[in-house]
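K.L.:
Quick one: the structure is below, and I'll ask about it shortly.
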Amino acid sequence: MSRSALLAATALAGALLPHAVISSAVAADIEAGSRVEAVTVYPDGATVVRTVPLRIPAGSHTVVLRGLAGSIDPASIRVEGEGSARLSVGGVDVRAVPGDARPAADPALEKRIAALRTQREILLARIEAAEGKKKAIRHFAEGGVEGRAGRPALPPDQWPAAWDAIGEGLEKTGAVIVALAQQVETLDDEITALERARPSAPPAGQPRRDVAIALESPGDVEAMLRMTYRVAGARWAPIYDVRLDTGGPDRRPALELVRRAQVSQSTGEDWTDAALTVSTVRAARGTQAPDVEDLVVSLVDPVEAARRAERAAAMQRRAPVAASPAPVAAVGPAMQPDAAEDKVAVAERVAEIDANAFQASYRVAGKVSLASDGTVRTFALSSRRLEPALVVKTAPAQDETAYLEASFTHEEEAPLLSGPVSLHRDGVYVGRGRLAQVAPGEKVDLGFGADDKVKVTRLPLRRQASEPGWIGNTRNEVRAFRTTVRNLHDMPLRIVVVDRTPVSENASVTVEPLAGMTMPTEKGLRDRRGVVAWSYEYKPGEQREIQHGYRIGWPADRELSYAGVPQPARR
């Protein structure tokens, strides 16, 4: 008999046939085999297409599919297909399997995870303490050597010793922060591995459900049903590899962006030889220059200042003594985590993309098998080569290191979702960053670590505080700095120096730039008040000096307070 007849019936779960119709069926329940044909994974779930080959006689029947995922959403089930004669789908029933149980926890494993998380919190507290110490050292470096308003200046013959102490203190606290951050990263990896080792199934098997499909057949029928349903317990997350070739005097820079998907599932059913699609629909030294925040100048409330000092002293008395961090092994070429990946990247097949104005889907090449045990598999989605713009950026008021950044415009039809990115510069792994979500047409800025061939120094040029005289009742403070930048590369580079001028939110406090300073090329950088930048094209070996200064005036009977204003997360 011809297969030209179409079975195109759709059933909502719970919309059952009347009980009298089912109970009067000519045949008993028919157990049918099925297989997962295709899966679309979202960041927070999956849609499964399961095929069911059938051969049934005339009459009313209930076809039962046993042992399906326990996380099936009954309201999402749809049934359609093709057959040798027209079938009618009366309804779908999702049945609980007797004895269904959730996985039993492993007490020893949970205790180990809890202990590691406690260690992680202790390390984060130590990092916070070290950051506070580093900030205090910088605060002294900006004002302690030359003195502050109302305080005697340090004698000039003691300045070199003070500078050495400041440099040594910054170097030590920086090393402590880096070592602690690496220990946190190691703990994170261990915690993730233990969490994946949690039992995903009870001894008798994962939670299961049976699905019963009520069918009405006018005669003997051969058919192929396709049942589509949503399940929880599946996810995918984007990860990126970015490889930068910085070029040279006679070669332009190039950048390769590889987008990958990490897919895992613990739905309760294995996916074997299935077509896999991932969809964007939803149902540590750092690699970039530090962000420069606003510097707001205001007046100190004497009562509140005393309370803060008292609270700080109490916290200091209670703070535990931080142990010295364990030595951190140097990572050589043989230990670089991406070394093996370099060898297979050329053989990767990328996915096909299907994108529109609101979503994007990637059809992974070939057939995929993924067990329901939480195993993570990685698939290449896309690879793109482009020509980036290079810039070196430094924020010497916070860190005199220069950082290389590469920027490009994202011109693919699918957005770049937020995710971690492994960064390589001229074949060397320089670290991991994070890519914020980027829409098509938006600009992307990626940091590629420190550039040791751009030398930056920032020194106090002028520091002067005036006390109120017999006539006036206003105090003034003048601050000026000189930043020296030198390009030691054999090629021209655009170098951007970022700094800030205090912003007053009090009518009694005035801030004005000093005459004779270097005019910024940009003001209000990234819409942040007071943040300024000097952007110049430097020739090979060229050196420039940038002078930046300002005068602050405020009532003589008050004290100043400096505070950075929190900003929204940088895109």
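Okay, so the sequence shown: first residue is 3 according to this note's numbering, each after it adds one.
Note that the Cβ used here is the ideal one computed from N, Cα and C, for glycine as well.
Model, not experiment: these values are computed from the prediction.
(1) Indicate the three-state DSSP secondary structure (helix, strand or coil) for Pro162 in the structure shown.
(2) Please say whether Ala34 and Pro219 have beta carbons closer to each other than 7 Å?
(3) Which residue wins for smallest C-alpha separation from Ile375, given the options Pro209, Leu388 and Asp75?
(4) On the criterion of 16 or more Cβ atoms from any shown chain inside 10 Å, does Ala336 qualify as buried, or is it exposed?
(5) Let me confirm a value: Val430 is counted as buried when at least 16 other C-beta atoms fall within 10 Å, else exposed. Which label applies?
(6) For Thr274, count the other beta carbons within 10 Å of its own beta carbon; 16 or more makes it buried, fewer makes it exposed. Which is it?
(7) In the DSSP assignment, what are the bridge partners of Pro422?
(8) Could you give the distance in angstroms between the alpha-carbon of Gly92 and the alpha-carbon of Thr64?
(9) Contact between the region 443-461 and the region 410-426 is defined here as three or more beta-carbon pairs at a separation below 8 Å; is this criterion met?
(10) Pick from Gln549, Pro240, Asp252 and Gly235: whose alpha carbon is nearest that of Gln264?
(11) Identify whether Val330 lies in helix, strand or coil by the three-state DSSP scheme.
(12) For a minimum of 4 consecutive residues, which ranges assigned as the alpha helix (DSSP H) are wholly contained in the region 23-64?
(13) Do Gly83 and Arg228 have their C-beta atoms closer together than 7 Å?
(14) Using the rule of at least 16 other Cβ atoms within 10 Å of the residue's Cβ for burial, across every protein chain shown, is Gln400 buried or exposed?
(15) In the DSSP assignment, find the beta strand (DSSP E) that holds His491 and state where it starts and stops.
(16) Checking 7 Å against the spacing of the C-beta atoms, do Ser384 and Arg245 come in under that value?
(17) State the Cα-Cα distance for the pair Glu479 and Glu514, rounded to the nearest angstrom.
(18) Once DSSP output is grouped into helix, strand and coil, what is the label at Gln185?
(19) Could you give the distance in angstroms between the alpha-carbon of Arg379 and the alpha-carbon of Arg436?
(20) What is the C-beta distance between Leu495 and Val394, in whole angstroms, given that I count them as a contact (C-beta under 8 Å)?
(21) Kindly indicate which residue of Thr377, Asp222 and Arg546 has the alpha-carbon position closest to the one of Ala199.
(22) Can you name, in chain order, every residue of its own chain whose Cβ lies under 8 Å from the Cβ of Leu463, other than the five neighbours on each side?
(23) Just curious, the beta strand (DSSP E) that Lys395 is in, first and last residue?
(24) Could you tell me which uninterrupted beta strand (DSSP E) segments, each at least 3 residues in length, are contained entirely in the region 492-566, listed from first to last along the chain?
(25) What are the boundary residues of the beta strand (DSSP E) that Ser73 is part of?
(26) Confirm, please, whether the CB-CB distance from Thr175 to Lys137 is below 7 Å.
(27) Just grab the DSSP bridge partners of Thr380 for me.
(28) Hey, which unbroken runs of the beta strand (DSSP E) at 3 residues or more fall wholly within the region 210-241?
(29) When you compare only the Cα positions, how much space is there between Arg528 and Arg114?
(30) Could you give the residue range of the beta strand (DSSP E) that holds Asp375?
(31) Leaving out five residues on either side along the sequence, give the residues of the same chain with a beta carbon under 6 Å from the beta carbon of Asp454.
(32) Would you call Gly270 buried or exposed, if buried means 16 or more other Cβ atoms sit within 10 Å of its Cβ?
(33) Nearest-angstrom Cα distance between Thr42 and Ser281?
(34) Between the Cα of Glu354 and the Cα atoms of Asp296, Ala416, Ala397 and Val458, which residue gives the shortest distance?
(35) Using the Cα positions of Tyr405 and Gly449, report the straight-line distance between them to the nearest angstrom.
(36) I'd like the list of long-range same chain contacts for Thr230, defined as Cβ closer than 6 Å, with 5 residues on each side in sequence excluded.
P.N.:
Taking the coordinates as given:
(1) helix
(2) Note that residue 219 is Ser in the sequence shown here, rather than Pro. No, these two residues do not count as a Cβ contact at 7 Å.
(3) According to the sequence as given, residue 375 is Asp; it is not Ile. With distances taken between Cα atoms, Asp375 lies closest to Pro209.
(4) Unreliable placement is indicated for Ala336, whose pLDDT of 36 sits below 50; no coordinate value is reported for it.
(5) exposed
(6) exposed
(7) Arg436
(8) 10 Å
(9) yes
(10) Pro240
(11) Legend: pLDDT at Val330 = 33, less than 50; position of this residue unreliable, no value from coordinates given.
(12) none
(13) yes
(14) buried
(15) Neither: His491 is in no beta strand (DSSP E) and is coded neither H nor E.
(16) no
(17) 11 Å
(18) helix
(19) 20 Å
(20) 6 Å
(21) Thr377
(22) Ala482, Phe483, Arg484, Gln549 and Gly551
(23) Ala391 to Ala397
(24) 495-502, 512-515, 533-540 and 545-557
(25) No beta strand (DSSP E) holds Ser73; DSSP gives it neither H nor E.
(26) no
(27) Gln264
(28) 210-219 and 223-233
(29) 44 Å
(30) Taken as a continuous stretch (DSSP letters only), Asp375 belongs to no beta strand (DSSP E), as it is neither H nor E.
(31) none
(32) buried
(33) 7 Å
(34) Ala416
(35) 7 Å
(36) Val51 and Arg80
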